[in-house]
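In terms of full-length UniProt numbering, the sequence shown is residues 1 to 583.
We put the CB at the ideal spot given by N, CA and C, even for glycine.
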Amino acid sequence: MFILNTSGSISRSPCRAASGCHCIWITWVKRNSLCNRQVDASHKGLGAVLSQEQEGKIRPIAYVSRSLHQAENYSSMKLEFLAMKWAMTQKFRDYLVGHKCVVWTDNNPLSHLQMAKLGATEQRWVAELAVFDYAVRYRSGRTNQNADALSRQPQTKACTIITPARPGSVLPEGLQEVECAPISATPSSVSTVPQRTTDDLVVLQQADATIAPIMHLVGQQQMPGRLEKQALEVGAQRLLRQWGRLSIRDGLLHRTYQRSDGGEPVLQLVLPESLQEEVFQQLHTHHGHQGVEHTLELIQQRCYWPRMGAIIRDWCLKCELCCLAKSTQPHVRAPMGHLLASKPNEILAIDFSMLEPARDGREQVLVMTDVFSKFTQVLPTRDQRASTVADLIKEWFYKFGVPTRLHSNQGHCFENNIIYQLCELYGVEKSRTTPYHPQGNGQCEQFNRTLHDLLRTIPVDQKYSWPEYLPQILFSYNTTPHQSTGHSPFLLMFGRKPQLPVDFLLGRIEEPVAGEVCHWVSEHKRRLQVAIVGARERMRLAAAGRKERADKQVTEEVLPAGQRVYLRDFSNRAQQDPGQVGS
């Protein structure tokens with residue numbers, strides 16, 4: 001405690017009180033230990049504290065806060081939810097992925113998040129938090145003051161100016177006994193990174209089998225001959241290819257790197273092998289686990305060694321925390337496959353799609369598409385229960401006949417005993433896509449995008465009445481020639497061309513002609529057979545073209561028996577702990 005006076009003295013009694021104070025040091029996260037996170041939000045900002053119990057004490061790990069944007073004018077519960085989502089997904093993600101976490105909040109409704117009725121924004125936030133293993137707990141605001149302080153802007157009150165006492169002034173009773181005491185602060189440590197002098201680096205370069213011979217040749221400015229080059233090891237030969245860029249400065253071998261963006265050349269230290277992994281750890285592991293390109297750029301601004309690009313890429317791809325925490329695209333891409341049918345109603349593909357809530361509360365539709373003809377039916381529904389799905393599927397059976405196979409994803413609404421018994425009763429084969437691979441039901445996924453595009457054409461004031469417009473939209477889709485088949489889904493499904501309102505306007509309505517039924521049936525069969533054969537060939541050619549284009553990017557990699565791979569547990573929506581990774 002410091003008290004200003006004329007001599008800059010410090011009271012002895014306040015110093016005794018201050019000596020009882022202690023500092024709380026920020027620490028590192030320990031694996032396999034429960035993380036605690038306190039969040040709070042005010043109408044000015046968000047605050048969060050990440051801590052962990054270590055050695056019987058709660059130790060802080062990180063503090064974060066930010067002010068609110070103008071558009072974030074939410075309720076108190078939504079602000080608390082925003083603080084939790086923002087801190088977990090944007091600030092503490094690398095700490096929390098793979099760890100169990102308890103989120104403490106002074107907003108009681110937030111602790112019942114799993115049972116709350118959420119809006120579209122909150123549901124999206126819940127989806128972003130699904131990768132974490134966390135639980136929300138409530139505690140009073142008095143015990144949540146650390147996060148509460150971070151969420152509030154500091155009050156800028158005017159400071160009270162204390163005028164120094166003049167000589168001869170009477171000091172207060174508590175300051176009659178004063179003494180001068182020096183104040184100093186000694187840091188416990190400056191850096192955990194070992195510092196090396198130029199002489200140390202010179203010794204390491206001279207001891208390196210790759211750098212030492214090249215360093216000697218550059219010092220003599222003598223380009224070696226062909227036989228001398230062959231006598232060098234492979235690493236030294238690669239380094240020798242940079243001959244025009246190598247130079248010695250302050251006794252150290254450097255390489256001049258010309259930036260691709262035309263910037264000033266960069267002088268790179270040719271790094272000995274003994275320091276390469278250490279530099280990588282400093283610029284990748286201890287620098288936020290940046291990606292391959294960012295890590296390589298950081299190192300290129302400082303150092304160089306032969307094959308550094310391939311080596312750094314290999315190290316980044318093998319970084320355990322990066323593999324667990326980052327949502328990277330798969331590096332292996334298998335050849336493209338197709339779900340093809342040879343006749344109408346052979347394969348019926350089904351899927352659910354979410355739309356905007358209608359006036360009657362319905363917001364889900366069951367999409368049923370015939371894979372061959374592309375004929376599609378869309379039925380609005382209020383839920384995705386198995387009994388509801390079975391009733392809707394039977395409507396297709398009764399109107400268009402029983403298909404040979406029923407294809408869907410692995411959703412619980414499609415993979416259950418009710419659907420299995422329905423298929424067994426009607427003699428329908430049941431198939432499904434591979435897990436978490438919606439491309440296996442591409443026909444429905446493609447129509448879902450088309451349906452959403454068509455629904456956007458509804459007038460804005462009628463968008464909540466989309467169930468009334470759905471039959472008209474489906475009729476337009478089913479009577480329009482499909483790009484894959486060259487015919488309309490209506491023609492391939494029913495064997496005759498659809499009559500549109502414009503046909504009456506243009507007088508294209510055929511006059512009824514009396515004739516024998518057998519003649520009409522044979523002619524109808526002939527036309528339908530021609531259309532089916534033509535559609536089948538067009539679909540085969542279109543599928544072959546898509547496969548040829550997609551297979552150009554195939555990067556198959558055979559996994560030998562016994563190779564260790566990472567497993568992701570989707571059941572609890574959390575990343576696998578490294579201790580659970582197996583082969």
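Whose C-alpha, out of the options, is nearest the C-alpha of residue i?
i	options	result
H254	S274, G244 and G262	G244
K343	L110, L567, F494 and G47	F494
S51	G45, I61, K44 and K57	I61
D370	R382, A310, E445 and P435	E445
E228	L451, P213 and P498	P213
H284	D261, S260 and E320	E320
L451	R405, M88, Q377 and P501	Q377
F372	T89, K430, A341 and G263	A341
residue 618	Q276, V428, H99 and R142	In this structure the chain extends from 1 to 583, so residue 618 is not present and cannot be described.
Y477	D453, Q206 and H43	D453
C413	V203, S353, R449 and Q281	S353
G427	R196, Y436 and L406	L406
T143	Q38, M215 and V234	Q38
Consult DSSP for residue i and reduce its assignment to one of helix, strand or coil.
i	result
Q35	According to the sequence displayed, residue 35 carries Cys and not Gln. Three-state result, C35: strand.
T450	helix
W28	coil
Y74	coil
Q563	coil
T105	strand
Q368	It should be noted that the sequence gives Met, not Gln, for residue 368. Correct three-state label for M368: strand.
L171	Because the pLDDT of L171 is 49, which lies under 50, any placement of that residue in the model is unreliable, and the question is left without a value.
K552	helix
S387	helix
G401	coil
Q52	strand
M354	strand
G495	coil
C303	strand
A324	The amino acid at residue 324 is misidentified as Ala; the sequence shows Leu. Here L324 sits in helix by DSSP.
K57	strand
P380	strand
D40	strand
H286	coil
H294	helix
A207	helix
H407	strand
D200	helix
D133	strand
Does the Cβ-Cβ distance between residue i and residue j come in under 7 Å?
i	j	result
L150	G47	yes
V218	L246	yes
D94	A325	yes
E80	T105	yes
E278	D208	no
V136	V103	yes
A83	A41	yes
R359	P380	no
Q410	R385	no
H482	K374	yes
I350	S408	yes
S76	G45	no
A236	T256	no
L348	P438	no
V367	F447	yes
C322	H286	no
G440	T434	yes
K85	V64	no
P498	T480	no
Does any CB atom of chain C fall closer than 7 Å to the CB of residue i?
i	result
H452	Any reference to chain C falls outside this structure, which holds one protein chain only.
- Task: Report yes or no: do three or more beta-carbon pairs, one from the segment 60-71 and one from the segment 294-307, lie closer than 8 Å?
- Result: Taking 8 Å as the limit for Cβ pairs, the verdict is that the segment 294-307 does not touch the segment 60-71.
- Does the segment 261-271 come within contact of the segment 300-312, defined as at least 3 CB pairs closer than 8 Å? Three or more beta-carbon pairs drawn from the segment 261-271 and the segment 300-312 are found closer than 8 Å, and the two stretches are therefore classed as touching.
- When the Cβ atoms of the segment 389-405 are set against those of the segment 413-432, are three or more pairs found closer than 8 Å? By the Cβ rule, the segment 389-405 counts as touching the segment 413-432, because three or more pairs are nearer than 8 Å.
- Message: Quick check on the DSSP output: what are the complete alpha helix (DSSP H) runs of length 4 or more inside the segment 229-275, in order along the chain?
- Response: The segment 229-275 contains these whole alpha helix (DSSP H) runs: 234-240.
- Could you name each continuous alpha helix (DSSP H) segment of 4 residues or more that falls completely within the segment 410-443, going from the start of the chain to the end? Entirely contained in the segment 410-443, the alpha helix (DSSP H) runs reaching 4 residues are, in chain order, 417-426.
- Message: Please give me, in chain order, every unbroken run of the beta strand (DSSP E) with length at least 3 that falls completely inside the segment 447-493.
- Response: Secondary structure in the segment 447-493: no beta strand (DSSP E) run of 3 residues or longer lies completely within the stretch.
- Secondary structure, alpha helix (DSSP H): runs of 4+ residues fully inside the segment 84-130: Uninterrupted alpha helix (DSSP H) stretches at least 4 residues long and entirely within the segment 84-130 occur at 93-96 and 120-128, given in chain order.
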